[in-house]
Amino acid sequence: QPGPLASLVPVSALSVPADLPCFVLTDHDDTVPEAAKYLVGVGRADCTGPVAQVPLMGYANPEQVGGGLLSRLYSRAFIVADPEDSKRVVFVSADIGMVSQRVRLEVLQRLQSRYGDQYRHDNVILSGTHTHSGPGGYFQYTLFWITSKGLIRPALNSIVNGIVKSIDIAHENMKRGRLLVNRGTVENSQINRSPFSYLENPAAERDRYSSNTDKEMVVLKVEDEDGRELGLISWFAVHPVSMNNSNHLVNSDNVGYASYLFEQEKNKGMLPGEGSFVAAFASSNLGDVSPNTRGPSCANTGESCDNPQSSCPIGGAAMCMARGPGKDMFESTRIIGQNLYLKAKVKTCKPALGHSFAAGTIDGVGAFNFTQGSVEGDPFWDQIRDQLLGEPSNETKACHKPKPILFSTGEVRNSLGMQGSLLWAGICHYIITYHYYINIVIITISILLFLTSSLSQNSTQDLPRGPEPPLFNVTSLTLLPSLSAENAPANKKFGDVLEEVRREYQEREVAEVTFVGANPRNSAENATEHNFLMVERYSNLSSRWQPVLNDASWDTRFYWTKGSRGQSNVTIEWHIPAGTEPGVYRLRYFGHYKKRVPLFRIITVPFEGSSSAFQITAP
258 QPGPLASLVP
268 VSALSVPADL
278 PCFVLTDHDD
288 TVPEAAKYLV
298 GVGRADCTGP
308 VAQVPLMGYA
318 NPEQVGGGLL
328 SRLYSRAFIV
338 ADPEDSKRVV
348 FVSADIGMVS
358 QRVRLEVLQR
368 LQSRYGDQYR
378 HDNVILSGTH
388 THSGPGGYFQ
398 YTLFWITSKG
408 LIRPALNSIV
418 NGIVKSIDIA
428 HENMKRGRLL
438 VNRGTVENSQ
448 INRSPFSYLE
458 NPAAERDRYS
468 SNTDKEMVVL
478 KVEDEDGREL
488 GLISWFAVHP
498 VSMNNSNHLV
508 NSDNVGYASY
518 LFEQEKNKGM
528 LPGEGSFVAA
538 FASSNLGDVS
548 PNTRGPSCAN
558 TGESCDNPQS
568 SCPIGGAAMC
578 MARGPGKDMF
588 ESTRIIGQNL
598 YLKAKVKTCK
608 PALGHSFAAG
618 TIDGVGAFNF
628 TQGSVEGDPF
638 WDQIRDQLLG
648 EPSNETKACH
658 KPKPILFSTG
668 EVRNSLGMQG
678 SLLWAGICHY
688 IITYHYYINI
698 VIITISILLF
708 LTSSLSQNST
718 QDLPRGPEPP
728 LFNVTSLTLL
738 PSLSAENAPA
748 NKKFGDVLEE
758 VRREYQEREV
768 AEVTFVGANP
778 RNSAENATEH
788 NFLMVERYSN
798 LSSRWQPVLN
808 DASWDTRFYW
818 TKGSRGQSNV
828 TIEWHIPAGT
838 EPGVYRLRYF
848 GHYKKRVPLF
858 RIITVPFEGS
868 SSAFQITAP
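Position in the sequence shown counted from 1, then plus 257, gives you the numbering used here.
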């Protein structure tokens, strides 16, 4: 199932009622549309944590430790409340492997200290996206300590701080709004990784479904009372394991890339991770659902190992690995993430009646000079429409094209100047495909679609709460190496360039620079939402360097390599995408190093470095 928040949308809102009028005008004094009867808020905050030396959570491989950053991790919060009473619910989707009991208890403690009993155990829902490339060490139980090297307080703090901050932002920005829900099918993005086990299900059960995976995506959109989009939550069953267990870069995997694409589209002109629109691609029934659509094969021979034991003739199960649709795990992550993003952004049009609606059919022709199947409007009737109801918006025109719009019923507000609000009572007219529309008359011309959603009534019987889970008195217990004083090579200082960029690049090439670096854990433990890198472009207009990308971008990669004698290097890559504007650019690095000072003290010192300027030329 798509998750607890989906219960906010009643089944009745998804069904097609029979014999209902398209809309009803009411004489309520309240000027807020009936559909905008909630208080809604969205928020996003960084929860990345340490990106080096900490084991990554998901594959249970102690050797898979962080060695840099591909994309930042975020907590995304959504609050829905009834403005008339104290009822509210919080849903959080965080870019982490899963939500531990320790995380939940500490988040609830912090919320209680801020808001009293407004946010409690029974109305706060925390969900992890299940990325296998986020820092571990945020559990309080021994089993998880084995592969995570204990309880790592900086990792735990980053997650708790990020979740609480995202809720704070959502709380502070609550406003009148509405919820809309949609569903669709996503293809070519998943396989069942245990097909032989699935066949053990009863035939009667399997016959209920057309596939051995759930291909349905559910999208819950949040908008304010004026129709401005605030955010969305998408639930789709796929494991975020496009990045395999050889990866050492912290990232949010395929679902995180989908969030990145959606937020970049909606927050135009903003750096990644910035902007008010929040898009969460949350986990659902993803159990045995893999994004590695090419299936399992033996790494040493290339033979298929799609068998009940997932084993290879030579090397056994260790050699059997599933592969995604791309040439490597980075490309596979982008392909699957883009599939999710493209499906989630598909939307239906606001309802509108076309000119052919007035022409009638062979069962009964209409009046005046309207014709069936017309794809051109009539200036005379368009002018009358504009005077009475207003001109359809450009968005509605583009969405219904090539149908000429006679009445934009989905945009009617307080019709004919009447005071009051417009209440949509259901769905009426027909819904068909674009291709069918081109060859049909009134059925498609009369398409109307409007989907409302509202908080459902609590019809379930309250269950006993049960015993309170314990919050063990363990502040930090880890096998991570301690942070100590660091050194730069002779005649060098932190941030100096060791290997310089080239003077010129073109799109689809990789700009790369290596610096005298320091352990990234220093930054995670001493800074909030710290950027390790920045791509900047020189503006001739302002004669200044302007930020283009930060380390939340999926086009940049940050690698940390530990050397000997307290030394380390940092390499920054920018995979220059197609369409990059030609110009002069540079890559910047920001870090912190540990320095020994008198009285046996060690302090943390910030530093930065920059590559030389380089040119990106037109292809």
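Backbone N, C-alpha and C define an ideal beta-carbon position, used for all residues, glycine too.
Sequence-distant residues of its chain with Cβ nearer than 6 Å to Asn511 (five each side left out):
Pro497, Ser499, Pro548, Thr590, Ile593, Gly594
CA nearest to the CA of Asp545, picked from Glu588, Ser650, Ala579, Val827
Ala579
Among Trp831, Ser780, Leu856, which residue has its Cα nearest to the Cα of Val862?
Ser780
Hey, quick one: how far does the beta strand (DSSP E) through Cys569 stretch, first residue to last?
Careful: Cys569 lies outside any beta strand (DSSP E) and carries neither H nor E.
Got a sec? Which residues, its chain only, sit under 6 Å from Arg367 by beta carbon, not counting five neighbours each side?
Val421
Buried versus exposed, by CB contacts within 10 Å (16 or more), Leu599:
exposed
Tell me which same chain residues have a C-beta within less than 7 Å of the C-beta of Leu362, skipping the five on either side of it?
Pro726, Leu728
Return the CA-CA distance between Leu673 and Ser446, expressed in angstroms with no decimal places.
Residue placement at Leu673 cannot be trusted, given a pLDDT of 34 that sits under 50; what the coordinates show is reported in the next sentence. Cα to Cα, Leu673 sits roughly 48 Å from Ser446.
Can you say whether Gln321 is buried or exposed, counting buried as having 16 or more other CB atoms within 10 angstroms of its CB?
buried
Apply the 10 Å Cβ neighbour rule to His505 and answer buried if 16 or more other Cβ atoms are within range, or exposed otherwise.
buried
When DSSP labels each residue in this structure, what does Ser384 get in the three-state scheme?
strand
Inter-residue spacing [alpha-carbon to alpha-carbon] between Arg822 and Ser868
25 Å
What do you get for Pro374, buried or exposed, if any count of 16 or more other CB atoms within 10 angstroms of its CB means buried?
Per the sequence presented here, residue 374 reads as Asp, with Pro not at that position. Exposed.
Once DSSP output is grouped into helix, strand and coil, what is the label at Glu811?
In the sequence as presented, Glu is not what sits at residue 811; that position holds Trp. Coil, per DSSP.
Out of curiosity, what's the CA-to-CA distance linking Asn469 and Phe772?
49 Å
3-residue-minimum beta strand (DSSP E) runs that sit fully inside the region 408 to 486, ordered along the chain:
432 to 442, 473 to 481
Would you kindly check if the distance between the Cβ of Ile829 and the Cβ of Phe815 is under 8 Å?
yes
Where DSSP assigns a beta bridge to Cys304, which residues make up the other side?
According to DSSP, which records beta bridges pairwise, Cys304 is partnered with nothing at all.
Whether or not the region 347 to 359 and the region 385 to 396 are in contact is what I'm after, with contact meaning three or more pairs of Cβ atoms, one per stretch, closer than 8 Å; do they touch?
yes
Bridge partners - Leu326, DSSP secondary structure assignment:
Val507, Phe815
I need the straight-line Cα distance from Gly840 to Glu761, nearest angstrom please.
10 Å
Once DSSP output is grouped into helix, strand and coil, what is the label at Asn826?
strand
Can you tell me which of Arg801, Val805, Asn788, Arg853 puts its alpha carbon nearest to the alpha carbon of Gly866?
Asn788
When the Cα of Gly526 is compared with those of Pro804, Leu489, Asn748, which residue comes out closest?
Pro804
Just list the residues that DSSP pairs Pro877 with in beta bridges.
In the structure displayed, the chain extends from 258 to 876; residue 877 sits before or after that span and is not available.
Can you check DSSP and say which residues form a bridge with Pro855?
In DSSP, Pro855 forms no bridge with anything.
Once you ignore the five residues that flank Glu793 on each side, which residues in its own chain have a CB closer than 7 Å to its CB?
Trp802, Gln803, Pro804, Val805, Tyr842, Arg843, Arg845
Secondary structure of Arg778, DSSP reduced to three states:
helix
Between the Cα of Leu489 and the Cα atoms of Glu444, Lys478, Leu737, which residue gives the shortest distance?
Lys478
Relative to the alpha-carbon of Lys602, which residue among Gly581, Gln521, Leu856, Ile424 has its alpha-carbon at the smallest distance?
Gln521
Outcome for Lys406 when other beta-carbon atoms lying within 10 angstroms are tallied against a minimum of 16:
buried
So what does DSSP say about Met586, is it helix, strand or coil?
helix
Cβ distance (whole Å) where Val337 is taken to contact Leu436 below 8 Å:
7 Å
What residues in its chain sit with their C-beta under 7 Å from that of Val744, if we drop five residues either side in the sequence?
Sequence check: residue 744 is Asn here, not Val. Within the same chain, Asn744 has close Cβ partners Arg822, Gly823, Gln824.
Status (buried if at least 16 other CB within 10 Å, exposed otherwise) for Ala835:
exposed
Endpoints, the alpha helix (DSSP H) within which Ala655 is located:
651 to 657
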